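Okay, structure first, notes after.
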Amino acid sequence: MNETKQPEIISYKELESLRGESIHLVMEETKLTRYWQTLKRQWPIFVMLIPVLVYFLLFRYRPILELLVAFKSYDPNVTTDSFQSPWVGFYALRELMFSSKEYTQLFWKAFRNTFTISMYGLLFGFPIPIILALLFSEIKSDGYRSITQILSYLPKFISTVVITSLLFLMLRPEQADAFIKPGIINGMLTSLGLVPPETNILGSAAYFRSVYILSDIWEGAGYGSIVYFAAIMSISPTSYEAARIDGANKLDQIRYVTLPGMAPTLTIMLILRIGSILSVGYEKIILMTENEQHAVLETADVLSTFILRLGNVYGSSAGLSVPNDLIRAFSTSADLFNSFIAMFLVLGANFISRRVSDTSLF
Numbered sequence: 000m001n002e003t004k005q006p007e008i009i010s011y012k013e014l015e016s017l018r019g020e021s022i023h024l025v026m027e028e029t030k031l032t033r034y035w036q037t038l039k040r041q042w043p044i045f046v047m048l049i050p051v052l053v054y055f056l057l058f059r060y061r062p063i064l065e066l067l068v069a070f071k072s073y074d075p076n077v078t079t080d081s082f083q084s085p086w087v088g089f090y091a092l093r094e095l096m097f098s099s100k101e102y103t104q105l106f107w108k109a110f111r112n113t114f115t116i117s118m119y120g121l122l123f124g125f126p127i128p129i130i131l132a133l134l135f136s137e138i139k140s141d142g143y144r145s146i147t148q149i150l151s152y153l154p155k156f157i158s159t160v161v162i163t164s165l166l167f168l169m170l171r172p173e174q175a176d177a178f179i180k181p182g183i184i185n186g187m188l189t190s191l192g193l194v195p196p197e198t199n200i201l202g203s204a205a206y207f208r209s210v211y212i213l214s215d216i217w218e219g220a221g222y223g224s225i226v227y228f229a230a231i232m233s234i235s236p237t238s239y240e241a242a243r244i245d246g247a248n249k250l251d252q253i254r255y256v257t258l259p260g261m262a263p264t265l266t267i268m269l270i271l272r273i274g275s276i277l278s279v280g281y282e283k284i285i286l287m288t289e290n291e292q293h294a295v296l297e298t299a300d301v302l303s304t305f306i307l308r309l310g311n312v313y314g315s316s317a318g319l320s321v322p323n324d325l326i327r328a329f330s331t332s333a334d335l336f337n338s339f340i341a342m343f344l345v346l347g348a349n350f351i352s353r354r355v356s357d358t359s360l361f
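Counting along the sequence shown from 1, when you hit position 181 you're at 180 in numbering that gives the first Met the number 0, and nothing is skipped either side.
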């Protein structure tokens, strides 16, 4: 007698589990199918993306491995492979930041100078491109507006070496040689009685930050106004028409129409600017202090120049008692500290912006 096979009885929870698993498999299959169809349909775009990915992998992500030098005792005279050097943990970072050595004092002075220059740059440099964009938007003649915009962009395309040379010429003090006249800005300040004629402005620690920030604003304000000008142009003209019908004058239109319309752009640009608050470049400062290093380093030495001098100067000149096998660990630690501070500033600014205005980078 043949026995009829009884169907397997499973519980309700097991049935729900099997259904959930099958639904999950169907969803995964659907996603893969959709990705594959997208890849087949838009393969030229993905091919064009390959050089960009290779660039970032080679020049942006691969150098991150070298940050391990901050935790190793690496001496290139002993071994050429930094990965084979012995580990020292956080010794270099602690020694650089918390010891009582001379290089610790120089590190914190450089950090203070970097923060001060960046904050002044943010305070005075951030609003200027916005004001320029507002002024450009009020120019009714397209030709005149284009000319003024191009003239304001030009300093951005001048090399740092030329910019620094112009600063030397414009700020040149009065000299004993009658054939060498003082710089035009130095002459104006002298005529107004603001500085003595023989004052070397570029060689004075008291004036260095002001000169650096003002030259930065002159160099980049016009170019930086492009983003804000585009944001203004994207505001609907009907908003201005409605404001005019309600009796708003020009300042009221800027306050109630233009600035709210620019708010997302302003927020994003401010977050990006905060992220680079400790990223004062070394090229311009090195050129500006080339002839007056010892006189202006009190206010001019920033983290980038300190790292550069730590790696290239102190080890060979023996000006400071930095161990040769830890010079690179010190300089990498200083750069790593700078990067961590910048990352936390960006995350903090992004978090506050997302909570306050619903506008954020991510």
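Every residue gets a Cβ at the ideal spot worked out from N, C-alpha and C, and that includes glycine. In this text, all values refer to a predicted model and were calculated from it rather than measured experimentally.
query: Option in Ser214, Ile253, Tyr152, Glu65 with minimal Cα separation from isoleucine 231; result: Ile253
query: For alanine 348, three-class secondary structure by DSSP; result: helix
query: Boundaries (first-last residue) of the alpha helix (DSSP H) holding aspartate 245; result: Per DSSP, aspartate 245 belongs to no alpha helix (DSSP H) and is neither H nor E.
query: C-beta contact flag for threonine 159 and lysine 283 at 9 Å; result: yes
query: Opposing strand residues paired with lysine 71 [DSSP bridges]; result: Trp86
query: With 16 other Cβ atoms within 10 Å as the buried cut-off, status of phenylalanine 343; result: exposed
query: Same chain, Cβ closer than 6 Å to proline 263, five either side skipped, listed in chain order; result: Thr358
query: Exposure of glutamate 94, with buried meaning 16 or more beta-carbon neighbours within 10 Å; result: buried
query: Other residues of its chain near isoleucine 306: CB distance less than 7 Å, five sequence neighbours each side excluded; result: Ser330, Ala333, Asp334
query: Residue range of the alpha helix (DSSP H) that includes lysine 283; result: 281-287
query: Whole-angstrom distance between isoleucine 149 and alanine 387, CA atom to CA atom; result: In the structure displayed, the chain extends from 0 to 361; residue 387 sits before or after that span and is not available.
query: Counted within 10 angstroms of its Cβ, other Cβ atoms place leucine 92 as buried (16 or more) or exposed; result: buried
query: Residues of its chain near methionine 169, where Cβ-Cβ distance is below 8 Å and the 5 sequence neighbours each way are ignored; result: Gly182, Ile183, Ile184, Asn185
query: Whole-angstrom distance between glycine 280 and valine 413, CA atom to CA atom; result: The requested residue 413 does not occur in the structure, where the chain is confined to residues 0 to 361.
query: Backbone CA spacing between serine 81 and proline 62 [nearest angstrom]; result: 13 Å
query: Burial state of aspartate 215 (16 or more Cβ within 10 Å); result: buried
query: Cα-Cα separation, tyrosine 206 to valine 355; result: 38 Å
query: Span separating the alpha-carbon of valine 87 from that of threonine 79; result: 18 Å
query: Contacting residues, own chain, Cβ-Cβ under 7 Å from proline 85 (five flanking each side not counted); result: Lys71, Ser72
query: C-alpha distance - serine 338 paired with phenylalanine 361, whole-angstrom precision; result: 19 Å
query: Through-space distance from serine 275 to alanine 341, alpha-carbon basis; result: 6 Å
query: Rounded straight-line distance, which links the Cα of tyrosine 211 to that of valine 345; result: 24 Å
query: Residues near leucine 201 by beta carbon distance below 7 Å, same chain, minus five either side; result: Leu166, Phe167, Leu170, Val210, Met287, Glu291
query: C-alpha distance - phenylalanine 106 paired with leucine 325, whole-angstrom precision; result: 15 Å
query: Cβ separation of leucine 121 and arginine 243, assumed to be a contact under 8 Å, to the nearest whole Å; result: Not a contact, Cβ separation roughly 34 Å.
query: Lysine 155: first and last residue of the uninterrupted alpha helix (DSSP H) it sits in; result: Note, lysine 155: premise wrong, no alpha helix (DSSP H); not H, not E.
query: Presumed contact (8 Å Cβ cut-off) between arginine 208 and threonine 304, rounded CB distance; result: Not quite, the Cβ-Cβ distance comes to about 14 Å (not below 8 Å), so this is no contact.
query: Rounded C-alpha distance that separates serine 316 from threonine 257; result: Note on serine 316: pLDDT 47, under 50, position unreliable in the model; the coordinate value appears next. Going by the C-alpha atoms only, they are around 56 Å apart.
query: Phenylalanine 96 versus glutamine 104: straight-line alpha-carbon distance, rounded; result: According to the sequence shown, residue 96 is methionine rather than phenylalanine. Going by the C-alpha atoms only, they are around 8 Å apart.
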